[in-house]
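S.K.:
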Amino acid sequence: MSVKRGRSLRKLGGGEVFMATKRGAVIVPDKVPSPVCALCGLFEEDLYHFVVGCQLKSWFWQDVVSLLSLQELLPSDDSIWLALTSLCSSGDLQVIDEDALVALGATYSTLWKYHWRCVIDEEPWIASAALNMVRQDHGSLFSTLSLASDQAGTLALPITNL
1 MSVKRGRSLR
11 KLGGGEVFMA
21 TKRGAVIVPD
31 KVPSPVCALC
41 GLFEEDLYHF
51 VVGCQLKSWF
61 WQDVVSLLSL
71 QELLPSDDSI
81 WLALTSLCSS
91 GDLQVIDEDA
101 LVALGATYST
111 LWKYHWRCVI
121 DEEPWIASAA
131 LNMVRQDHGS
141 LFSTLSLASD
151 QAGTLALPIT
161 NL
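In terms of full-length UniProt numbering, the sequence shown has 65 at position 65, counting the first letter as 1, and numbering is strictly consecutive.
1. Closest by CA to V95, which one among Y108, Y114, A106, L74?
2. Check C88 in the structure and name its three-state DSSP category.
3. Return the first residue and the last residue of the alpha helix (DSSP H) that V65 is part of.
4. Check whether the Cβ atoms of L101 and L87 sit closer than 8 Å, and answer yes or no.
5. Would you kindly work out how many angstroms separate the C-alpha atoms of H49 and A38, rounded to a whole number?
6. What distance in whole Å lies between the Cβ atoms of F43 and V52, which are believed to be in contact at a cut-off of 8 Å?
7. For I96, which three-state DSSP category applies?
8. Do the region 70-85 and the region 130-142 meet, that is, are 3 or more Cβ pairs less than 8 Å apart?
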């Protein structure tokens with residue numbers, strides 16, 4: 001199995017991890033020998049735990065949501081999960097503004113990259129390093145989005161019938 005160059009790391013069902021390099025895909029065996037989260041070591045890592053369920057990821061998302069002034073729109077792990085999986089806000093299930101979704105997607109790409117960097121390199125998750133990576137990766141993008149704190153409450157738009 002090969003990994004396209006746009007994908008840096010990928011975990012497969014058997015625990016193998018593939019890493020894309022300039023020369024092609026390289027298998028990194030035994031980096032994820034257990035279904036338990038490689039970062040916290042407390043819970044089985046399903047998709048929810050990978051994204052927001054791990055306490056380290058939860059704190060990461062809280063930091064990013066605060067950085068983007070989206071606390072009203074995304075007050076909890078479940079609201080972030082709902083936004084990422086349904087493109088809607090919690091409670092009223094309104095479609096989330098495109099700028100907020102772009103910011104969430106960009107943040108998720110950094111979470112993915114930093115998670116696998118920590119696992120492959122066997123380094124601890126460092127909250128400040130993860131947040132700095134978000135700033136480095138997407139700071140210029142975030143500055144172009146309409147995510148000012150006074151607009152945070154207006155980023156959820158009602159669903160319109162077509």
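By construction, the Cβ of each residue, glycine as well, lies at the ideal position given by its N, Cα and C atoms.
M.R.: On the basis of the supplied data:
1. Comparing Cα positions, the closest option is L74.
2. If DSSP states are grouped into helix, strand and coil, C88 belongs with the strands.
3. 55-67 is the span of the alpha helix (DSSP H), which, as asked, contains V65.
4. Yes, the Cβ-Cβ distance between L101 and L87 is below 8 Å.
5. Their Cα atoms are separated by approximately 11 Å.
6. Their Cβ separation, rounded to whole angstroms, is 12 Å, which puts V52 and F43 out of contact at 8 Å.
7. Shown here, I96 sits in a strand according to DSSP, grouped into three states.
8. Touching, no.
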